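A.B. asks:
2 protein chains.
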Amino acid sequence: MVDHFLDEILHPRSIAVVGASVSGPGWRFLLPLLRRGFQGKLYPVNPKYQEIGGLKSYASLKEIPDTVDYIISVVPAPQVPDLIRDAATKGTRAVHLFTARFSETGRPQAARLEQEILELARQLGVRIIGPNCMGVYYPAWGISFEEEFPKEPGNVAFISQSGNLAGETVMAAALRGIRFSKVISYGNAIDLNECDYLEYLAQDPETAIILMYVEGVKGGRRFVSTLRQVASVKPVIILKGGRGEAGARATSSHTASLAGSMEIWEAALEQANAIEVDSVEELIDMAVTFRFLPPLKGKRVGVTGGAGGASVLAADQCEMAGLEVIPLPQGFREQLKNRGVSVWDWLSNPADLSIREDDRLTVKGIIELMSQDPHFDLLIVMLHVHRHGDQPDMTLDDFLKQHQLDGFETVSTKPLLAVVPERSFGIEGWDNVEWKLSCELRSRLVSNGIPFYPTIYRAALAASRMADYYIRKDGR
Amino acid sequence: MVDHFLDEILHPRSIAVVGASVSGPGWRFLLPLLRRGFQGKLYPVNPKYQEIGGLKSYASLKEIPDTVDYIISVVPAPQVPDLIRDAATKGTRAVHLFTARFSETGRPQAARLEQEILELARQLGVRIIGPNCMGVYYPAWGISFEEEFPKEPGNVAFISQSGNLAGETVMAAALRGIRFSKVISYGNAIDLNECDYLEYLAQDPETAIILMYVEGVKGGRRFVSTLRQVASVKPVIILKGGRGEAGARATSSHTASLAGSMEIWEAALEQANAIEVDSVEELIDMAVTFRFLPPLKGKRVGVTGGAGGASVLAADQCEMAGLEVIPLPQGFREQLKNRGVSVWDWLSNPADLSIREDDRLTVKGIIELMSQDPHFDLLIVMLHVHRHGDQPDMTLDDFLKQHQLDGFETVSTKPLLAVVPERSFGIEGWDNVEWKLSCELRSRLVSNGIPFYPTIYRAALAASRMADYYIRKDGR
Numbered sequence: 143m144v145d146h147f148l149d150e151i152l153h154p155r156s157i158a159v160v161g162a163s164v165s166g167p168g169w170r171f172l173l174p175l176l177r178r179g180f181q182g183k184l185y186p187v188n189p190k191y192q193e194i195g196g197l198k199s200y201a202s203l204k205e206i207p208d209t210v211d212y213i214i215s216v217v218p219a220p221q222v223p224d225l226i227r228d229a230a231t232k233g234t235r236a237v238h239l240f241t242a243r244f245s246e247t248g249r250p251q252a253a254r255l256e257q258e259i260l261e262l263a264r265q266l267g268v269r270i271i272g273p274n275c276m277g278v279y280y281p282a283w284g285i286s287f288e289e290e291f292p293k294e295p296g297n298v299a300f301i302s303q304s305g306n307l308a309g310e311t312v313m314a315a316a317l318r319g320i321r322f323s324k325v326i327s328y329g330n331a332i333d334l335n336e337c338d339y340l341e342y343l344a345q346d347p348e349t350a351i352i353l354m355y356v357e358g359v360k361g362g363r364r365f366v367s368t369l370r371q372v373a374s375v376k377p378v379i380i381l382k383g384g385r386g387e388a389g390a391r392a393t394s395s396h397t398a399s400l401a402g403s404m405e406i407w408e409a410a411l412e413q414a415n416a417i418e419v420d421s422v423e424e425l426i427d428m429a430v431t432f433r434f435l436p437p438l439k440g441k442r443v444g445v446t447g448g449a450g451g452a453s454v455l456a457a458d459q460c461e462m463a464g465l466e467v468i469p470l471p472q473g474f475r476e477q478l479k480n481r482g483v484s485v486w487d488w489l490s491n492p493a494d495l496s497i498r499e500d501d502r503l504t505v506k507g508i509i510e511l512m513s514q515d516p517h518f519d520l521l522i523v524m525l526h527v528h529r530h531g532d533q534p535d536m537t538l539d540d541f542l543k544q545h546q547l548d549g550f551e552t553v554s555t556k557p558l559l560a561v562v563p564e565r566s567f568g569i570e571g572w573d574n575v576e577w578k579l580s581c582e583l584r585s586r587l588v589s590n591g592i593p594f595y596p597t598i599y600r601a602a603l604a605a606s607r608m609a610d611y612y613i614r615k616d617g618r
Numbered sequence: 143m144v145d146h147f148l149d150e151i152l153h154p155r156s157i158a159v160v161g162a163s164v165s166g167p168g169w170r171f172l173l174p175l176l177r178r179g180f181q182g183k184l185y186p187v188n189p190k191y192q193e194i195g196g197l198k199s200y201a202s203l204k205e206i207p208d209t210v211d212y213i214i215s216v217v218p219a220p221q222v223p224d225l226i227r228d229a230a231t232k233g234t235r236a237v238h239l240f241t242a243r244f245s246e247t248g249r250p251q252a253a254r255l256e257q258e259i260l261e262l263a264r265q266l267g268v269r270i271i272g273p274n275c276m277g278v279y280y281p282a283w284g285i286s287f288e289e290e291f292p293k294e295p296g297n298v299a300f301i302s303q304s305g306n307l308a309g310e311t312v313m314a315a316a317l318r319g320i321r322f323s324k325v326i327s328y329g330n331a332i333d334l335n336e337c338d339y340l341e342y343l344a345q346d347p348e349t350a351i352i353l354m355y356v357e358g359v360k361g362g363r364r365f366v367s368t369l370r371q372v373a374s375v376k377p378v379i380i381l382k383g384g385r386g387e388a389g390a391r392a393t394s395s396h397t398a399s400l401a402g403s404m405e406i407w408e409a410a411l412e413q414a415n416a417i418e419v420d421s422v423e424e425l426i427d428m429a430v431t432f433r434f435l436p437p438l439k440g441k442r443v444g445v446t447g448g449a450g451g452a453s454v455l456a457a458d459q460c461e462m463a464g465l466e467v468i469p470l471p472q473g474f475r476e477q478l479k480n481r482g483v484s485v486w487d488w489l490s491n492p493a494d495l496s497i498r499e500d501d502r503l504t505v506k507g508i509i510e511l512m513s514q515d516p517h518f519d520l521l522i523v524m525l526h527v528h529r530h531g532d533q534p535d536m537t538l539d540d541f542l543k544q545h546q547l548d549g550f551e552t553v554s555t556k557p558l559l560a561v562v563p564e565r566s567f568g569i570e571g572w573d574n575v576e577w578k579l580s581c582e583l584r585s586r587l588v589s590n591g592i593p594f595y596p597t598i599y600r601a602a603l604a605a606s607r608m609a610d611y612y613i614r615k616d617g618r
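So the protein lines, in turn, are chains U and X.
For the first sequence, the positions run 143 to 618 when the numbering used here is used.
For the second sequence, the positions run 143 to 618 when the numbering used here is used.
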C-alpha cells in the first residue's frame, strides 16, 4: 500500500450513490459500478425507488446497515450539508460531489453554501472530491464515471479540473493506445485539491506518467513545491485553462477558479521541469510519447516516408519543433553507395525515396540504416495512405508491400515515431479504403508499441519536449 | 479572353503526350485527358505502340499531321532537347516537362542539360512548364494530372512548386468543399516561373483566391513587386518550403531551389499583404475561409457549443489566434433575462450551455442571438459528435435535435465557422456511428456554405488572418 491518505479513499470497499436513479446522472454514475466489476458493496440511495439496477435502493444513507467508505452525490446542492452529516455517521472517508451550482455560478448564496459544506466536512472528518466534477475513473478497481471508458488499466494518470475534458481526453487517448491508472476530475476543489492528487500519484506504483488539466490552483506556494517534487519523480504534463483574459473569465464561471498570472505560472512550471502543452491534442501526444518511447536525450532526427514538398516541409516542421534534422552522415552515404543505390549522393535527410530509380533501397531499408547509424537519436516515418481509392480490396499488408514498408514495425532499434494523418471526410468518404487502411495501420502501430501522431509537427514537438525534459532532468 | 500569354497556353486545342504508354507515368498523364472531357485533339506519341487508350499512337511528334498546342513530356531527360526542336516545328506554345533528373540531382552534367534545354526553348520560342513537375490541373478545360481529382471547377487557384503536395492539397481541400480553377505544379521553373503564373491568375476571371507553395523564387525583385500587385487584387496565401536549414537543403535536392533568407521573405510578404501559413493544413484552412466567408473586418468572436474545460480552452485558443473573445454584452444578458433564462447572469462567452437548467435557451438560439448582436463580428460553433457509440442507428437529424442544433445551419446572419474534430480511429472504430455522423455533418456544412475546421484554434487562426488581410488592405 502507498503511504498517502488518498490511497484508502481510492480503494473503497463500499460505495453509495446518493441520488441514484433509473435515468439521468443518478443512473449514469451507478451503471459503470454495476457493470465494470467493482468488487465492493454498492448502495443506491433514493427514497423514490425500492430497487435500482437490480439492487435494493435505500431511502437514506442512514438506512444502510453497514459502513460506507465512499459516496457519490448526485443530489441538489441544498441537500449536501445533510448528506455530509449522514456520511460522517457511516464512517465515510470521502464524498465525491457531482453536485454543482456552487461558487462557479458567481452567486453569493451558492458560494456561501459551498463554504458551509467545506466547514462541515472539515469538522466531521469527511474529505470532499469536487464539487462540480465527475470524480474518479479507476479501471483496476472497477470505478468509472463513463460506461464507455476502457476497462483495461494502464500507467497514465490524469488529474483534470474539468470532467468533460477528462472524458474527451480518455476516449481520444484510448485511440492512441493509452490506458489509464487513475483519472480524477476534481472541479471546484474546495477540500482535496491538485496538490493532494499530485502527491498521491507521485507515490502510486500504478502510475508512471501524470497528465493535468488545471484552471486555477488553490495555494500557489504549495503547488510550486509539490510540482517540483513530483516532476522530479515522474513526468508531469500540464495543460492550463484560462491563460488569456476571456479564458480566465471562463474558468471563473466553470470551476470558480482564479486563473492567476501566466508569468508566474510559466516560471513555476519551468522551475519544476513540468512540461506545458497548449491543447488536449498535445497533452495526448505527450502521454503517447512517454508511454511508448524510451527516455530521449538527443534531438537528431532521421526522417523518411515523405515525397516532394511534404518532405521539404517535414524538415521545416521538425526544426520549428526544436529537433535537429542533420545532413546524411558521410558513412551513411558510403553505405548507400556500396549497396549500389544510384541516388546515394542526391538523397538527403528527410530521405525522399520518391527520387530513387531502382529498389536497392526501400523505406524499410532506410529506417533500418538510420537506426544503425549512431548520428541519429530518433526516427520519424511518414505513413500517408492516399491515392488508393480505386483499390477497394486492398489490405494493409498489400499497402505496406506496395510501399516497401512490410515489416517496418520491427526494424528500428531507435525510438521510432509514425505519422498517420487524420482526415476530414464527408459522408461520401466515410467508408473508403484509404480511411480503413489508416485505421488498420494505427491499430497495427499501437500493437507494435510505435506511437503515432496526425502531423509531423506534432510528432516532432512531442519528441523535442520529451528530450528537453530528460536533458533538464539530467542537468539537475 | 485574358490579356496574358499564359491564357493561350492554358487553353490548348491539341495536346500530345510524348512518352505515352499503357502503364506508368505515360499512362497516368494520358488517362485524365481521355476521361475528363478534354475537347481538343489528343495525340499519344510513342514509337513502341500502334494505339494507346483507343487512340492512334504516333512514332514521333513530327508524324502528327497538324499543329500541337501543348506537349506533356514523359520521356527521359536526354531526349528533351530533340523534343523541344520537334515541338518548335509543330507550332507548340508550351511543353510541360514531367521529365526530371536535372539540376535537382546536384549533378553538374544534369544541370548543364537543363541549361541547354532552356536556351534551346528560348531560341525556338517554346515555353516550358517545369521540368520536374506535374503540370496543369484545369478541370473546366478537361486537363488533370490525377484521374481522381474533382471534375467540377471552383474559384481557388494553386501554384505549387511540388506536384505531390499539389495532389495532397487538392484532395484534402476537396473534403473541405474547395474546388479549383487552375492548379499548376511548376517544379524547377527554369522558364515560366511563379511570377508568370501569379500575373496570369491575378487577371483570370475564374480565380478568386490564390494559394502558393514555394520553395525558392527565381528573381527576388520581380517576385516582390508582382506579389504586391497581385495580392492587392486577390488574396494570396503562401506556404514556404525550406524555411529552416534542413528544409533549405531539401529544397535544393527537390526542385534545385535556393530557399533564401527568411527575414527578407517575411518582410516581402508583409509588405505585399500576402498571407503566410505554416502548413498544408493552414493553407487549406485559409482557402476554406476566403471561399465561404464574406470579408471579415473585425475580430470580436462569439463562441458556443463547447462544455466545461473545452469551453475554457476555446476562449484561450481564440485569443492565442488573435481574436477578441468579448464578454457577453449587457444587452445580450438582458435579453436572456427577459426570455426567462435562469443562467442569464452566469453564462459567459464562450457560451457553455451545459450549465443551463432548462431549455429556454438552445445552442441554435444562442447562435441566433449572437448573430443579431452588433458587438460580434463572427461566430464559432463547436460541433463534437461523441458519446453516441451506443446508438448505432442515430441519424444526423436525431443528433442535431438531441443537441438542440436542428436548423442551426441557416440561423446566423454573421460569418459562422464550425469546428468538427478529426479523429485517429483504429480499425475497431473505422465504421462507428460517431465517425459516420461527423462525416455527414461535414457534408451538410459544406452544402450549406459553412466552413469547418478540425480544431477551434485553426478556425480562429484562419478567421484572424482573414481579418488582418482586410484590415491591412483597407488601411492602404
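The beta-carbon is built from N, C-alpha and C at its ideal position, and this holds for glycine as well.
Small disclaimer: the values here were computed from a predicted structure and weren't measured.
When we look at the beta-carbon of X/MET404 and count the other beta-carbons within 10 Å, is it buried (16 or more) or exposed?
C.D. replies: Taking the second sequence and counting its residues from 1, one reaches residue 404 of chain X at position 262. By the neighbour-count rule (16 or more Cβ atoms within 10 Å), X/MET404 is not buried but exposed.
A.B. asks: Taking 7 Å as the CB-CB limit, is X/THR241 close to chain U?
C.D. replies: As a working note, residue 241 of chain X is residue 99 in the second sequence. No, X/THR241 does not count as interfacial toward chain U.
A.B. asks: Kindly list, in the order they appear in chain U, the residues whose Cβ is closer than 8 Å to that of X/ILE271.
C.D. replies: By 1-based counting over the second sequence, the position of residue 271 of chain X is 129. Near X/ILE271 there are no residues of chain U at all, since even the closest Cβ is about 16 Å away, more than 8 Å.
A.B. asks: What does the alpha-carbon distance come out to for the pair X/ASN491 and U/ILE426?
C.D. replies: In the second sequence, the residue the question calls residue 491 of chain X occupies position 349. In the first sequence, the residue the question calls residue 426 of chain U occupies position 284. Computed Cα separation, rounded: 26 Å.
A.B. asks: Measuring straight from C-alpha to C-alpha, what distance separates U/ILE569 and U/ARG370?
C.D. replies: The residue given as residue 569 of chain U occupies position 427 in the first sequence. The residue given as residue 370 of chain U occupies position 228 in the first sequence. Cα to Cα, the separation comes out at about 48 Å.
A.B. asks: Does the distance from the CB of X/CYS460 to the CB of X/ALA602 come in under 7 Å?
C.D. replies: Numbered from its first residue, the second sequence carries residue 460 of chain X at position 318. Numbered from its first residue, the second sequence carries residue 602 of chain X at position 460. Contact flag set, yes.
A.B. asks: Please list, in chain order, the chain U residues whose beta carbon lies closer than 9 Å to that of X/ASN491.
C.D. replies: Along the second sequence, read from residue 1 onward, the residue named residue 491 of chain X stands at position 349. What X/ASN491 touches in chain U: ALA388, ARG391, ALA392.
A.B. asks: Per DSSP, U/SER302 forms a beta bridge with which residues?
C.D. replies: By one-based count along the first sequence, residue 302 of chain U stands at place 160. DSSP output for U/SER302 lists U/SER327, U/TYR355 as bridge partner(s).
A.B. asks: Does the separation of the CB atoms of U/ARG321 and U/GLY305 fall below 7 Å?
C.D. replies: By 1-based counting over the first sequence, the position of residue 321 of chain U is 179. By 1-based counting over the first sequence, the position of residue 305 of chain U is 163. Taking 7 Å as the Cβ cut-off, U/ARG321 and U/GLY305 do not qualify as a contacting pair.
A.B. asks: Within its chain, find whatever has a CB closer than 6 Å to the CB of X/TRP169; leave out the 5 residues flanking it on each side and keep chain order.
C.D. replies: As a working note, residue 169 of chain X is residue 27 in the second sequence. Same-chain partners within the cutoff: SER163.
A.B. asks: Return the first residue and the last residue of the beta strand (DSSP E) that X/LEU503 is part of.
C.D. replies: Residue mapping note: residue 503 of chain X aligns to position 361 of the second sequence, counting from 1. Premise fails: X/LEU503 is in no beta strand (DSSP E) and is neither H nor E.
A.B. asks: Quick one: which chain X residues come within Cβ less than 8 Å of U/HIS396?
C.D. replies: The residue labelled residue 396 of chain U in the question sits at position 254 within the first sequence. Ordered by position in chain X, the residues that pass the 8 Å Cβ test against U/HIS396 are GLY450, GLY451, SER453, VAL454, ASP494.
A.B. asks: Please tell me whether, using a cut-off of 6 Å, the distance from the CB of X/MET354 to the nearest non-hydrogen atom of the ligand HEM is below it.
C.D. replies: Among the components of this structure there are no ligands whatsoever, and the ligand HEM is therefore not found.
A.B. asks: Indicate whether X/GLY319 and X/CYS275 have their beta-carbon atoms separated by less than 7 Å.
C.D. replies: Within the second sequence, numbered from 1, the residue matching residue 319 of chain X stands at position 177. Within the second sequence, numbered from 1, the residue matching residue 275 of chain X stands at position 133. Result no, Cβ atoms of X/GLY319 and X/CYS275 do not sit closer than 7 Å.
A.B. asks: Taking three-plus beta-carbon pairs below 8 Å as touching, is the segment 393-400 of chain X in contact with the segment 238-250 of chain X?
C.D. replies: At 8 Å Cβ cutoff, the stretches touch.
A.B. asks: Can you give me, in chain order, the residues of the segment 316-335 of chain U that have a beta carbon less than 8 Å from any beta carbon in chain X?
C.D. replies: Within the segment 316-335 of chain U, the qualifying residues are LEU317, ARG318.
A.B. asks: Are X/VAL372 and X/ALA392 touching if we call contact CB-CB under 7 Å?
C.D. replies: The residue you call residue 372 of chain X lines up with position 230 of the second sequence. The residue you call residue 392 of chain X lines up with position 250 of the second sequence. No, the Cβ-Cβ distance between X/VAL372 and X/ALA392 is not below 7 Å.
A.B. asks: For U/LYS578, does the count of other Cβ atoms within 10 angstroms reach 16, so buried, or fall short, so exposed?
C.D. replies: For the purposes of this step, residue 578 of chain U is identified with residue 436 of the first sequence, where counting begins at 1. Buried.
A.B. asks: Just to confirm before moving on: does the CB-CB distance between U/PRO186 and U/SER199 stay below 7 Å?
C.D. replies: As a first step, residue 186 of chain U must be located in the first sequence, where it is residue number 44. As a first step, residue 199 of chain U must be located in the first sequence, where it is residue number 57. Contact: yes.
A.B. asks: With a 10 Å radius around its C-beta and 16 neighbouring C-beta atoms as the bar for buried, classify X/GLN192 as buried or exposed.
C.D. replies: In the second sequence, counting from the first residue as 1, residue 192 of chain X sits at position 50. Its Cβ having fewer than 16 others within 10 Å, X/GLN192 is exposed.
A.B. asks: At what residues does the alpha helix (DSSP H) containing U/MET276 begin and finish?
C.D. replies: Here residue 276 of chain U refers to the residue found at position 134 when the first sequence is read from its first residue. Neither: U/MET276 is in no alpha helix (DSSP H) and is coded neither H nor E.
A.B. asks: Return the chain-ordered list of same chain residues with a C-beta closer than 8 Å to the C-beta of X/GLY619, the five sequence neighbours on each side being excluded.
C.D. replies: In the structure displayed, chain X extends from 143 to 618; residue 619 of chain X sits before or after that span and is not available.
A.B. asks: In angstroms, rounded to a whole number, what distance separates the CA positions of U/VAL445 and U/GLN413?
C.D. replies: Taking the first sequence and counting its residues from 1, one reaches residue 445 of chain U at position 303. Taking the first sequence and counting its residues from 1, one reaches residue 413 of chain U at position 271. The straight-line gap from Cα to Cα measures roughly 32 Å.
A.B. asks: Counting only Cβ pairs nearer than 7 Å, list the residues of chain X close to U/ARG385.
C.D. replies: For this step, residue 385 of chain U is matched to residue 243 along the first sequence. Here the neighbours are ASP458.
A.B. asks: Please report the straight-line C-alpha distance between X/GLU357 and X/LEU455, rounded to a whole angstrom.
C.D. replies: What you label residue 357 of chain X is simply residue 215 of the second sequence in a count that begins at 1. What you label residue 455 of chain X is simply residue 313 of the second sequence in a count that begins at 1. Taking the straight line joining both Cα atoms gives about 35 Å.
A.B. asks: Please report the straight-line C-alpha distance between X/GLN265 and X/VAL422, rounded to a whole angstrom.
C.D. replies: Here the question's residue 265 of chain X lines up with position 123 in the second sequence. Here the question's residue 422 of chain X lines up with position 280 in the second sequence. The straight-line gap from Cα to Cα measures roughly 38 Å.
A.B. asks: List the endpoints of the continuous alpha helix (DSSP H) containing X/HIS517.
C.D. replies: Taking the first residue of the second sequence as position 1, residue 517 of chain X is located at position 375. From DSSP, X/HIS517 is part of no alpha helix (DSSP H); its letter is neither H nor E.
A.B. asks: Output, in chain order, the set of chain X residues within a Cβ distance shorter than 8 Å of U/SER245.
C.D. replies: The residue you call residue 245 of chain U lines up with position 103 of the first sequence. By Cβ distance, chain X contributes nothing, its closest Cβ being about 11 Å from U/SER245, past 8 Å.
A.B. asks: When DSSP builds the beta bridges, which residues end up paired with X/GLY296?
C.D. replies: Translated into positions along the second sequence, residue 296 of chain X becomes position 154. DSSP lists no partner for X/GLY296.
A.B. asks: Can U/GLU294 and U/GLY309 be called in contact, C-beta distance under 7 Å?
C.D. replies: By 1-based counting over the first sequence, the position of residue 294 of chain U is 152. By 1-based counting over the first sequence, the position of residue 309 of chain U is 167. No. Outside cutoff.
A.B. asks: So U/GLY447 contacts chain X; which residues on that side make the cut at Cβ distance below 7 Å?
C.D. replies: Looking up residue 447 of chain U in the first sequence gives position 305. Within chain X, no residue comes near U/GLY447; the closest Cβ sits about 12 Å away, beyond 7 Å.
A.B. asks: Kindly list, in the order they appear in chain X, the residues whose Cβ is closer than 9 Å to that of U/SER302.
C.D. replies: Locating residue 302 of chain U in the first sequence gives position 160, where the first residue counts as 1. Per Cβ cutoff of 9 Å: GLY451.
A.B. asks: Please classify X/TYR191: does DSSP put it in a helix, a strand, or coil?
C.D. replies: Counting from one through the second sequence, the residue named residue 191 of chain X turns up at place 49. Reduced to three states, the DSSP call for X/TYR191 is coil.
A.B. asks: Which residues in chain X have a C-beta closer than 9 Å to the C-beta of U/VAL588? List them in chain order.
C.D. replies: Residue 588 of chain U sits at position 446 when you count from the first residue of the first sequence. Per Cβ cutoff of 9 Å: GLY568.
A.B. asks: On the DSSP bridge assignment, give the partners of U/THR397 in chain order.
C.D. replies: For the purposes of this step, residue 397 of chain U is taken as the residue at position 255 of the first sequence. DSSP output for U/THR397 lists no bridge partner at all.
A.B. asks: Quick check on this structure: which residue in U/LEU558, U/VAL561, U/THR552, U/VAL527 has the alpha carbon closest to the alpha carbon of U/ASN574?
C.D. replies: Within the first sequence, numbered from 1, the residue matching residue 574 of chain U stands at position 432. Closest by alpha carbon: U/VAL527.
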